[in-house]
Each structure stands twice: as structure tokens, then as C-alpha cells.
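> Take a look at the following structure, please.
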Amino acid sequence: MKNLRCIISVLSIFPLGYTQIASADPTSLGIGLGWSNSPYKSYSSSYYPVPHIDYDNGSFFIDDLSAGIYAINDDSQSLSFGARYLANEFKPHDSDNHKLKQLDSRHSTVLAEIDYAINTNWGIFSGSIGADVLDKSNGILVNTGYTVPYIQGNFIVAPTIGINWANSKHNDYYYGISHKESSRSGLHYFNAESSFTPYFEINAQYFVTDNIATFGGVHIDKLTGDAADSPMVDDTTITSIYMGVSYKF
Numbered sequence: 155m156k157n158l159r160c161i162i163s164v165l166s167i168f169p170l171g172y173t174q175i176a177s178a179d180p181t182s183l184g185i186g187l188g189w190s191n192s193p194y195k196s197y198s199s200s201y202y203p204v205p206h207i208d209y210d211n212g213s214f215f216i217d218d219l220s221a222g223i224y225a226i227n228d229d230s231q232s233l234s235f236g237a238r239y240l241a242n243e244f245k246p247h248d249s250d251n252h253k254l255k256q257l258d259s260r261h262s263t264v265l266a267e268i269d270y271a272i273n274t275n276w277g278i279f280s281g282s283i284g285a286d287v288l289d290k291s292n293g294i295l296v297n298t299g300y301t302v303p304y305i306q307g308n309f310i311v312a313p314t315i316g317i318n319w320a321n322s323k324h325n326d327y328y329y330g331i332s333h334k335e336s337s338r339s340g341l342h343y344f345n346a347e348s349s350f351t352p353y354f355e356i357n358a359q360y361f362v363t364d365n366i367a368t369f370g371g372v373h374i375d376k377l378t379g380d381a382a383d384s385p386m387v388d389d390t391t392i393t394s395i396y397m398g399v400s401y402k403f
């Protein structure tokens, strides 16, 4: 999808939602630094490396932590099948809350995804369906987003609004409390049902030279429903910020 994917490659900082608008022909590599708070109680904010990998030959692509093949790929729309790393996790020892320290770990996983995007005169509409393939949560995630990219010289900015839906298996794995966990932690049993997570993000890229670019972005998620009501959760607004530099070959 040469014209649609000619703008910017953006890493999904919070694992429930992301916008993918990648460069088409040249390969670019880069590295950055990200920061994010956590929804879990007494769980410290974290800094982490942000890898940037952008390769697209028109049939196959690698976009940061995603990779896949195109079924449709032209100037106005794309349909792809691929896989994406989902970084959601909970480590009991990273929480200062005594009760949360008694819970089981929740691990990151890989999603098998179907992605569709269409470029219109009013912006880019996108959607995806992903399923856990590593038998962690066996969850299903659905994402829809709307992006209006703006290009001015060497500067590109792409604001996006969207919403994610997570099924009960996903939410129960990352936010639920089992009977065993309840008995040893003192937290009440909690069976998390499906929920929606609205989000907003803005991503930007500035070309310093023909080959070197700086990039950055902010992503904000708002947990609702059982994800927000979980005994594990203290902050229902999750903010992620990242910046870095890339080189186009």
C-alpha cells in the first residue's frame, strides 16, 4: 500500500492499540526510549527500549514488533495477515502492594492478526482482529482507529482516535483474580468480562537529513468496564511516551 504506508512507522507502546503507517520502499532501522505508567496498584512506571524496524517490499512487511504478508496492497487499501508481539505483563514482585505480590504472573504473548486499512479523502480508517497464539490468555482483541496524517516539509504528524475491545478471556487473564489467588492474597475473587478501551495517540517524525529522522509519540488509553473495576487496578488512564532516531537505507 505504497501511498497509504508512505508516512511513518509507529511502535505500539500500550499493547491494546496501535496505528501502523509505515514507509514503503526504503528500509529503516532505529532505536528509542519509552516511558509508561501501569494500571496496576503500586506498580512503578517503567522505561524501556523502543526498537524501530521498517521493511516493506509490497508483499511482506516488518513494522517494529509486527510482521506479515499482504493479501491486498494498493494505493487506497490494504489487507494483511501477520503476527504482533503483545507486551502486556504483570510481575508480582514489581508491585509494592502486599496483596498484589501474592498473585500469579501475567505474561506477554504473540497475536495472530488480520489488519485492514483504507485511505479516504477524510483520513485513514483501520481495523484489526487479533488472537493469542501462545496459550497465555487465549484472548481476542479487536481494534478500530481513525488517523488524519499531516505533512509539512520534513515534518509529519499523525493524530489517531480509536477504540479497542478485549474479550473476557483476555481481561480475566490480565485483570481477574482466581479463587486460589483470592485465598492467599485477601483480594476478592474477580471474574473479568469483556470491555472497551478508548484511546488517543499522536505520532510524529522529522527528517533531519534525507536518511536520518527523529520520531516520537504519546499514546493514552482509558480503561473501562471490568478492566477498570479489577481489584488489581488503581489507575484507569495509561499514558505512554516515546522518542528515538532512525536511519533510512
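Following my numbering, the numbering of the sequence shown begins with 155 at its first residue and continues without gaps.
Using N, Cα and C, we set each Cβ at its ideal position, and we do this for glycine too.
Source: prediction; values computed, not measured.
Skipping 5 residues on each side, what residues in its chain have a beta carbon closer than 6 Å to that of T391?
Position 237 of the sequence shown holds residue 391. Correct list, in chain order: K376.
> Which of helix, strand or coil does DSSP assign to A381?
The residue you call residue 381 lines up with position 227 of the sequence shown. Three-state DSSP puts A381 in a helix.
> Within 8 Å, do at least three Cβ pairs link the stretch 288–300 to the stretch 314–327?
Result yes; three or more Cβ-Cβ pairs closer than 8 Å.
> Considering R260, what are the terminal residues of the alpha helix (DSSP H) in which it resides?
In the sequence shown, counting from the first residue as 1, residue 260 sits at position 106. First-last for R260: undefined, no H or E at that position.
> Give the DSSP-derived three-state secondary structure of E353 in the structure shown.
In the sequence shown, the residue the question calls residue 353 occupies position 199. Contrary to the premise, residue 353 reads as Tyr rather than Glu in this sequence. In this structure, Y353 counts as strand in the three-state DSSP scheme.
> Can you tell me which of the three DSSP states N345 falls into?
In the sequence shown, the residue the question calls residue 345 occupies position 191. Three-state DSSP puts N345 in coil, outside helix and strand.
> Would you tell me roughly how many angstroms separate the C-alpha atoms of L341 and I331, rounded to the nearest one?
Counting from one through the sequence shown, the residue named residue 341 turns up at place 187. Counting from one through the sequence shown, the residue named residue 331 turns up at place 177. The alpha-carbon atoms of L341 and I331 are separated by roughly 8 Å.
> Would L265 and L288 be called neighbours here (beta carbons separated by less than 7 Å)?
Counting from 1 along the sequence shown, the entry for residue 265 is found at position 111. Counting from 1 along the sequence shown, the entry for residue 288 is found at position 134. Not closer than 7 Å, so no.
> Rounded to the nearest angstrom, what separates G307 and I315 at their Cα positions?
The residue labelled residue 307 in the question sits at position 153 within the sequence shown. The residue labelled residue 315 in the question sits at position 161 within the sequence shown. So the two alpha carbons sit approximately 24 Å from each other.
> Quick check: S349 and S190, are their CB atoms within less than 7 Å of each other?
Your numbering for residue 349 matches position 195 in the sequence shown. Your numbering for residue 190 matches position 36 in the sequence shown. For S349 and S190, no; Cβs fall outside 7 Å.
> Run the CB neighbour count on A225, radius 10 Å, all protein chains shown included, and call it buried at 16 or more, exposed below.
Locating residue 225 in the sequence shown gives position 71, counting from the first residue. A225 should be labelled exposed.
> Please state whether DSSP places E245 in a helix, a strand or coil.
As a position in the sequence shown, residue 245 is number 91, starting the count at 1. Inspection of the sequence shows that residue 245 is occupied by Lys rather than by Glu. K245 falls in the coil class under three-state DSSP.
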